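Participant: Pasting a structure here, questions to come.
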């Protein structure tokens, strides 16, 4: 078996000493090309888990490796640069910058990673086409529907070919029909780009689009089903 | 008010200090043996510190309404710098008071003026009785005197005709004012002046007649240091007689000196010495303006004459703080004896508020 | 939802927001408070000084119906005899009025009065002296006002040495008048002893007249046949004359205070406008819930009024405190030297303070007006949608009004002074500023659209600004308003100072100067002293002046008459115009610019000057620039003057040194020779220049302070705008952090936005400021003070200030960003926007 893309070992996170830890002795692995969903009730620590993986929050103990690189050993700058290069995010609230065109929103990670503008334009155009927004590049976010905005967000999350896609309730603000389309798109994109995908949701329907589903109950991860 | 008083008192003390430290002007003394010579002495005596011409009297309107009037011209020679060539240098200062006692209205019409002599605005002639402050005047005009006053709300133009010869007070006009012989004035009176003229009150003029009394007195050392004021009376008595009497009081109100002259209808003159005069104060009246209390009724014993003095009205107080600096009572009085009227004249009460100072 | 109910709901929402964001409330209230405080403070200082000035004038005039007044030289006392004898005159009070040099330095105004008659006219002033005038008649006796006694450190019984020409005399202080008698510094002497002791025999400066009841004052006045240079003034004119002296100065300060208030209003506008933009969704929600447009608008206006009331109350209280402090520390003229250092109480009545609170409310409501309209215009459906942002500024809507205002501003700048004040000039500045602000969004949009950035962080900053031009424009306008005014003032002051500096060089050509200081009626240099001076070893040349005053118009302050050697070939004056017409053989007079403005003197004209009580004809040979006397100055040949007054005495002079002469030693010798005690100042030209410039800077210190406050308010607005935008963009920053932007890159982006805005503001503000400065230099200053300036652009300092402004804007933006981004990026992205 090849080394996993993402490996968590005995990760612990406690916010306050007088409260039980949010994460305790948590271990989990994700292989390249794998698309995994984590489910759980609100407030059990799903997002903390996501943030720890993204390097936006630091665990109190344990080890997190991305492509064999130990994240806990990196400082904030190195983590930020790693995130810039190797991760993509999709949020529940889209977070598309209102004053930038669709193309510029999508192109942000490429710009940040210093991609030459000619190449970037081509990649953005291709990416938009992949998410079904061909030709929408010059439009402004206020002209788009919610589903379209989340497609823009997905395009932005994947345009720089990240190793890991992190999606936090990406369909929370969408109607079921649009949600289904977005979920299908997410899965297709993760599979198509060869990286790994981690979907955090409390929706069973959403979770059902993943390869594997874990239930997170605050004590640990429990595998629910494999596809 | 009290701080004003204090400031005023300070100024007074300073006046004294200044008078002592700066070379004081040379004022002639009035010493025993000095005499009044008329008509030469009728004019002003500019070297003396103080001088006045004092006209007081009773008037009656056509309807018989009784009134008192007084008009006074003061002259004072301040401690100035004699060498100052300025036309404004205050070599002589002239002050005039005028008042009409109006018992029917219970009102004292009064006004005052003060000017330094010069620029033709105010002067006191030395050759004869002739003193004026702008259009207020008293002057000898041949056989008569005329006086004219144009004051705030009232005025008069009167002719005063002598009916008896002048009366020199004291020894030939030397009138002693205290135990020390140098505390004295030169002093003569013209009693029994027949008055005719017009009197104007509140824009209404009418003819008046009456009788008046003219005093002319000058001195450089009138009151000694212990004296605070005086009580004075000048009465035209029935039948042409006249009585002038005064007493000088100290701070306790005790008489320090007194004097007087009584001329009988036949012209016989009697000089009254301190022992021959007794002033007994009677009813008192308190001024609502200054809160000063004055004895406005008196028992007066002058030689063997016993008189009761009753005021024409109570409020005849003169506030002349703006000119002479004094507040005093100067009013028409009637002299009675056993219910009979013996004469009419004027009573002057000074030094009841604060010590009278003569400039 | 009932109408009042809707407003109440809207207000509840706003109130909750205010509780949630107290900083915003505090800044808005603070801005209004600061503006009102400045306006109220300056107004109260001016008003209190004026009231005191008027009271003092009335105390001096008392119950007089007419005041006969000559210039400083006064008139022959024969006039008194003539007037006092007139039957219409009830009281004629002769007055000698002299500024007497004190041996210990400084001067004291001494009135020589006849307390016997003056007491009838001015009982409050002379009451204490009247009934007891005898001590005052003593030679050299003087009574002092309480203020004079205090400032001179003497009391009754002390002595006071005064300087009369080269001699000193000692006066005896016989009394100190009570505080209530007169609030300013004053000495009172008897008129006779003043004439003699102070060397003014035969002359009076004033006669106060009270006329008999029923006398027609105007008719009597017309019948007086006064000598030339002597006027009969009614008390009202006397008072106006005093107020006229400082009027222009006061109005200028009032205007500066108003600028501060308007900047405050602008800040309210900025906060309200941004709040409305930020709350578009909430406002739209309220609309969706059934609030009408009018109700929303009313709610925003009420919020503005509440901010105004709060700020107004605070500001009024602060204003009284400022006035109290200023009057105590600087005096009634804010240190400009018009008043004689007297103590002035703040004259603040309740209605005045209420008016300032009302002004605060009005200004704040005005500031909220546009935002309220914008709030009402929000389309609910559009605004409720995520990602909604405001539309781009409309050129068609903004341009016509802006152009109209600018044209109006230019037209107004050409207007004449109104009642002696540059009111059109001020209106012009207001209109030009309005036009400039109106054009800010267009300018911002045009410039931002042309800016390109390659690197991602600046590109993001630029994109943000480009995407939010309307919000950026508000910040920009705040910068433009305060910075352009500052630039304009700086250019004006710099031009003034530069012109003044060069002028000083022209009027002080010699090595040493001496003069009677402060100007006085008693200290002078005699011809004998002057002769000895010329013969001093090391002295090459001496030029002597006699400076006195003429009264040419009753309601105007006196005009300075400078009698000095004037060789027609090379007139030692900074001339700006010369007569071309032929001189009909008259003596020459050179008039200062103020004479041209105030008395319509023109080169080539023949004028009559009242000298020695008679009108004397002079030929106006030229106009010269004079920064020393805004009331006007005339220069004539000294020998002409001396022939007219039959008197030779000098008050100023210049000394040229022989080669190799030692200035310092000679200075001491001249000082010893002139023996003027502390009243005669001998000073090197360089030092005199330095002192004059220092005095100039002192006089403008308050201007600088007000300016600085206006800029501070402007920067506060910028900071506020950034803070609010940054708060609104928290989620955006969080997302950018997720995308891999380091925190310092986020801050750099914000600082970049600030720097770009700062640069735009500085550039635009400079342009506008230069335009405004033209109005200030050529209209406002000219019409206020009656002198022209050479326009000088202080490029270096302005560039420096512009750079400082850009840095401050960047720093402000960065700092606010620091506060905002200090929170968790994780939490930020959870917020919906």
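Chains as they are written, first to last, in the working numbering: chain A, 1162 to 1388; chain B, 176 to 534; chain C, 3 to 835. Beta carbons are placed, not taken as given, at the ideal position from N, Cα and C, and that holds for glycine. In this text, all values refer to a predicted model and were calculated from it rather than measured experimentally.
1. What are the complete beta strand (DSSP E) segments, minimum 3 residues, inside the segment 217-284 of chain B?
2. Can you say whether residue 818(C) is buried or exposed, counting buried as having 16 or more other CB atoms within 10 angstroms of its CB?
3. Would you say residue 823(C) lies against chain A (beta-carbon separation less than 9 Å)?
4. What does residue 493(B) pair with, by DSSP beta-bridge criteria?
5. With H, G and I counted as helix, E and B as strand and the rest as coil, what does DSSP make of residue 411(B)?
6. Could you pull the start and end residues of the alpha helix (DSSP H) that residue 787(C) belongs to?
7. Residues of chain A with CB under 8 Å from residue 470(C), in chain order?
8. In angstroms with no decimal places, state the Cα-to-Cα distance between residue 99(C) and residue 207(C).
9. Spatial neighbours of residue 236(B) within its chain, please: CB distance less than 8 Å, with the 5 preceding and 5 following residues excluded, ordered by chain position.
10. Exposed or buried, residue 198(B), counting other C-beta atoms within 10 Å across all chains shown (16 or more means buried)?
11. Does any CB atom of chain C fall closer than 9 Å to the CB of residue 1248(A)?
12. Applying the 10 Å Cβ sphere with the 16-neighbour rule, what's the burial state of residue 802(C)?
13. Do you know whose CA, among 656(C), 797(C), 631(C), 458(C), lies nearest residue 1271(A)'s CA?
14. Identify the contact partners of residue 458(C) in chain A, using a Cβ-Cβ distance below 7 Å as the criterion.
15. If you pair each beta-carbon of the segment 400-411 of chain C with each one of the segment 742-759 of chain C, do three or more pairs fall below 8 Å?
16. Can a CB atom of chain C be found closer than 9 Å to the CB of residue 395(B)?
17. Excluding sequence positions up to five away, which residues of its chain have a Cβ less than 8 Å from the Cβ of residue 759(C)?
18. Could you tell me which chain C residues have their CB closer than 8 Å to the CB of residue 1339(A), listed as they occur along the chain?
19. Contact criterion: CB-CB distance below 9 Å. Does residue 1215(A) meet it with respect to chain C?
20. So the alpha helix (DSSP H) residue 869(C) belongs to, where does it begin and stop?
21. At what residues does the alpha helix (DSSP H) containing residue 214(B) begin and finish?
22. To which residues of the same chain is residue 325(C) closer than 6 Å at the C-beta, ignoring the five residues directly before and after it?
23. Give me the Cα-Cα distance between residue 341(B) and residue 239(C), rounded to the nearest whole angstrom.
24. How do the segment 1319-1338 of chain A and the segment 1246-1263 of chain A stand: do at least 3 beta-carbon pairs fall below 8 Å, yes or no?
25. For residue 443(C) and residue 400(C), which I take to be in contact (beta-carbon distance under 8 Å), what is that distance rounded to the nearest angstrom?
26. Between the C-alpha atoms of residue 126(B) and residue 401(B), what's the straight-line distance to the nearest angstrom?
27. Mind checking residue 597(C): buried by the 16 CB within 10 Å criterion, or exposed?
28. Evaluate residue 212(B) with the Cβ neighbour count: other Cβ atoms within 10 Å of its Cβ, from every protein chain shown; 16 or more gives buried, anything less gives exposed.
29. Exposed or buried, residue 231(B), counting other C-beta atoms within 10 Å across all chains shown (16 or more means buried)?
30. Residues of the segment 64-94 of chain C in Cβ contact with chain B at a cutoff of 7 Å, in chain order, please.
31. Can you tell which of 289(B), 368(B), 455(B) has the C-alpha that lies nearest to the C-alpha of residue 267(B)?
32. How about residue 1289(A): is its C-beta nearer than 9 Å to some C-beta of chain C?
33. Could you tell me if residue 1176(A) is buried or exposed, where buried requires 16 or more neighbouring beta carbons within 10 angstroms of its beta carbon?
34. Distance, Cα to Cα, residue 485(C) vs residue 795(C)?
35. Closer than 9 Å, CB to CB, is residue 1241(A) near chain C or not?
36. Name, in chain order, the residues that DSSP records as bridge partners for residue 77(C).
Facilitator: If we stick to the structure as given:
1. 225-236, 241-251, 268-277
2. buried
3. no
4. 503(B)
5. strand
6. 783-787
7. 1260
8. 6 Å
9. 242, 374, 381, 382, 383
10. Below a pLDDT of 50, predicted positions are generally treated as unreliable, and residue 198(B), at 38, falls in that range; the measurement from the model is reported next regardless. Classification of residue 198(B): exposed, given that the 10 Å Cβ count is below 16.
11. yes
12. exposed
13. 458(C)
14. 1272, 1273
15. no
16. no
17. 467, 474, 477, 478, 481, 720, 811, 815
18. Within chain C, no residue comes near residue 1339(A); the closest Cβ sits about 14 Å away, beyond 8 Å.
19. yes
20. Because chain C spans 3 through 835 in this model, residue 869(C) falls outside it and cannot be assessed.
21. Taken as a continuous stretch (DSSP letters only), residue 214(B) belongs to no alpha helix (DSSP H), as it is neither H nor E.
22. 43, 46, 47, 348
23. 57 Å
24. yes
25. 7 Å
26. A question about residue 126(B) goes unanswered here, because the residues of chain B that appear run from 176 up to 534.
27. buried
28. exposed
29. buried
30. Hits within the stretch, in order: 79, 82, 83, 86, 87.
31. 289(B)
32. Interface annotation, residue 1289(A): not in contact with chain C, CB-CB separation never under 9 Å.
33. exposed
34. In this structure, the alpha-carbon of residue 485(C) lies about 15 Å from that of residue 795(C).
35. yes
36. 206(C)
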